[in-house]
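Numbering (my numbering), first residue to last: 164 to 653.
Just so you know, even glycine gets a beta-carbon here, dropped at the ideal spot from N, CA and C.
Just so you know, these numbers come straight off a predicted model, no measurement behind them.
Okay, structure first, notes after.
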């Protein structure tokens, strides 16, 4: 009711006395004060100078990283800034406090624990949930807090934003026993519950002397064991937080990871993996391109010329006319040798094995290995419904925006090592589907789809999936990937 009765004023005074706010931007501070005043006026029909003075006192300009706060608060709500925008002074302060400082929003998530709050709710990017570069932050966060809720907002609520975001609600941890972490699709659709904050079955080796670790390629060793299978040193929890899979899908992801080798594509055993041309090299290639296929090397555009098991180039050039030192690799090796090509401008890979000469942009990786049958086997693995399913849920938390597979994601895909018989069978099947699609200029028909399904069934057998798990994967990729809706239309 619109009134300025003494009781209402006194209640509002009690309320605003318990509201505090801090921001480094003076305009943001003033806008916050004005919004509260506007709310009071619209709801109660008056403006109080006493309330205004309290708000001006309590909501003020302040950098809590440089200038800590002694007061304690019951509830902290915020939308911290994002990105690597901390000053060197701020980074040094956080470093001395052992607080993650590579992304400012992560620093805020940890810093507010000094307020001794009963509850914190922040709107933040999803980047910290899965990326290995945020490992130390996740370790700090899960060691010091119980994450109670994660609400996946996606990008639709903030159309001008470039990042997908989530609301996290957490509390300071006072004992070893963790509380359940409940994940929701905004506003209230329950997705999964992680009991006792147990979000990931995998661990990671950080021993810099481990023979399988390659820091230049950002490759680490993943394992479910407490000791690294390579160097035997202690591992630590990887703590990836997946917010897309249901509990049924999460169990299947764990089974796939447990039965396979997440280090199969390591840098030691597969050292030659390089993405295509960019910058100077790409400019030189484009100067030589002709709109025919008479040159010694075809040129592939990832978006238009690349599909599962087939390439359809429209341009070519004479690769020997470009100094090999300008292009990647030695003596054009990534373009003229037998290779596995992997398109990675999406969260799911597409692959083809080829012995022809192809050059391409950085949206495609070229993987070389003397074992050509292994490359063909890996081609089948990359294109399989199983790996497409895994990429959608295990290494991707995006709802409405696309992220690209990078090299460390590809190298950590779950590959089950084949025996000689399996490798030979898969090699023949891959040769057959590539050759058949070549005769049809890449046009799929029922025969091609049957060949695709046959390869999928062989991979399901290799990973020992039961009929219910197979059905779950097929139904999901049919729903999420348009190509697979055609493969499994019957």
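| Going by C-alpha distance, which of 482, 488 and 186 is nearest residue 519? | Nearest of 482, 488 and 186 to residue 519, Cα basis: 482.
| Could you check where the alpha helix (DSSP H) with residue 641 kicks off and where it finishes? | That run of the alpha helix (DSSP H) goes 630-643.
| query | Looking only at its own chain, which residues have a Cβ that is under 7 Å from the Cβ of residue 262, when we skip the five neighbours before and after it? | reply | Within the same chain, 270, 273 and 274 come within 7 Å of residue 262 by CB-CB distance, once the 5 residues on both sides are set aside.
| query | DSSP three-state call for residue 215: helix, strand or coil? | reply | In the structure shown, residue 215 sits in a helix (DSSP, three-state: H, G or I).
| field | Continuous alpha helix (DSSP H) assignments of at least 4 residues falling wholly in the region 527-599 | value | Every unbroken stretch of the alpha helix (DSSP H) spanning 4 or more residues and falling wholly within the region 527-599 is given here in chain order: 535-546, 548-557 and 570-574.
| query | When we look at the beta-carbon of residue 306 and count the other beta-carbons within 10 Å, is it buried (16 or more) or exposed? | reply | With fewer than 16 other Cβ atoms within 10 Å, it is exposed.
| For residue 436, does the three-state DSSP call read helix, strand or coil? | In the structure shown, residue 436 falls within a strand segment according to DSSP collapsed to helix, strand and coil.
| Beta-carbon spacing of residue 195, residue 222 below 8 Å | Cβ distance < 8 Å, so residue 195 and residue 222 count as in contact.
| Within this structure, are the beta carbons of residue 311 and residue 337 separated by less than 8 Å? | No, the pair does not count as a contact, with Cβ atoms beyond the cut-off.
| query | Based on the DSSP secondary-structure assignment, which residues constitute the bridge partners of residue 265? | reply | Beta-bridge pairing links residue 265 to no other residue.
| said: Just to confirm my understanding: we take residue 485, look at its own chain, exclude 5 residues before and 5 after, and list those with CB closer than 6 Å. What are they? | reply: Taking residue 485 as the centre and dropping the five residues before and after it, the same chain places the C-beta of 447 closer than 6 Å to its C-beta, in chain order.
| Taking DSSP as the reference, what is the three-state secondary structure of residue 270? | If DSSP states are grouped into helix, strand and coil, residue 270 belongs with the helices.
| request: Go through the region 266-350 residue by residue and report every complete run of the beta strand (DSSP E) that reaches 3 residues or more, in order. | output: 282-288, 308-317, 328-335 and 344-348, all fully within the region 266-350.
| field | Distance CB(residue 458)-CB(residue 479) smaller than 8 Å | value | For residue 458 and residue 479, yes; Cβs fall inside 8 Å.
| residue 379 lies in the alpha helix (DSSP H); which residues open and close that run? | Note, residue 379: premise wrong, no alpha helix (DSSP H); not H, not E.
| request: Determine the DSSP secondary structure at residue 603, reduced to helix, strand or coil. | output: Looking at residue 603 - three-state DSSP - the assignment turns out to be coil, as it is neither helix nor strand.
| message | If the criterion is Cβ atoms closer than 8 Å, does the pair residue 281 and residue 237 meet it? | response | A contact, by the Cβ cut-off of 8 Å.
| task | Buried or exposed for residue 414, please, with buried defined as at least 16 other CB atoms from any protein chain shown within 10 angstroms of its CB. | result | Exposed, because fewer than 16 other Cβ atoms sit within 10 Å of the Cβ of residue 414.
| In chain order, which alpha helix (DSSP H) runs of at least 4 residues are fully inside the region 171-227? | Taking only runs of at least 4 residues, the alpha helix (DSSP H) segments lying wholly in the region 171-227 are 189-207 and 212-221.
| message | Going by beta-carbon coordinates alone, are residue 416 and residue 626 separated by less than 8 Å? | response | Not in contact: residue 416 and residue 626 (Cβ atoms no closer than 8 Å).
| query | So residue 498 packs on residue 460, CB below 8 Å; how close in whole Å? | reply | 6 Å between Cβ atoms; contact.
| request: Over the uninterrupted beta strand (DSSP E) stretch that includes residue 516, give me the two end residues. | output: For residue 516, the enclosing beta strand (DSSP E) covers residues 513-517.
| said: Quick test of the definition: if touching needs 3 or more C-beta pairs under 8 Å, does the region 605-625 touch the region 517-531? | reply: No, they do not touch.
| query | Between the region 581-590 and the region 547-554, are three or more C-beta pairs nearer than 8 Å? | reply | No contact exists between the region 581-590 and the region 547-554.
| Roughly how many whole angstroms lie between the Cα atoms of residue 395 and residue 651? | Residue 395 and residue 651: Cα-Cα distance of roughly 44 Å.
| query | Which residues mark the beginning and the end of the alpha helix (DSSP H) in which residue 410 is found? | reply | Segment 410-422, the alpha helix (DSSP H) holding residue 410.
| query | Does DSSP classify residue 353 as helix, strand or coil? | reply | Note: residue 353 maps to strand in three-state DSSP.
| What separation, rounded to the nearest whole angstrom, lies between the Cα atoms of residue 496 and residue 276? | Near 53 Å, if we compare the C-alpha coordinates of residue 276 and residue 496.
| query | Taking the alpha-carbon positions, what's the residue 165 to residue 205 distance? | reply | Summary for residue 165: the model assigns pLDDT 48, below 50, so the residue's position carries little reliability, and this model does not support an answer.
| field | Bounding residues of the alpha helix (DSSP H) (the contiguous stretch that carries residue 444) | value | Run containing residue 444: 442-451, per the alpha helix (DSSP H) assignment.
| Of the listed residues 466, 456, 375 and 418, nearest to residue 429 (C-alpha basis) | Cα-wise, what sits closest to residue 429 is 375.
| request: Flag this pair as yes or no: are the beta carbons of residue 465 and residue 406 separated by less than 8 Å? | output: It is not a contact, given that the beta carbons lie outside the stated cut-off.
| task | Run the CB neighbour count on residue 591, radius 10 Å, all protein chains shown included, and call it buried at 16 or more, exposed below. | result | Under the 10 Å beta carbon count, residue 591 is surrounded by fewer than 16 other beta carbons and is classified as exposed.
| query | What span of residues does the beta strand (DSSP E) with residue 478 cover, start to end? | reply | Counting along the chain, the unbroken beta strand (DSSP E) around residue 478 starts and ends at 478-480.
| Hey, quick one: how far does the beta strand (DSSP E) through residue 407 stretch, first residue to last? | It is not in any beta strand (DSSP E) - residue 407 carries neither H nor E in the DSSP assignment.
| query | residue 286 and residue 242 look like a contact to me (Cβ under 8 Å); what is the Cβ gap, rounded to whole Å? | reply | About 4 Å; that satisfies the 8 Å criterion.
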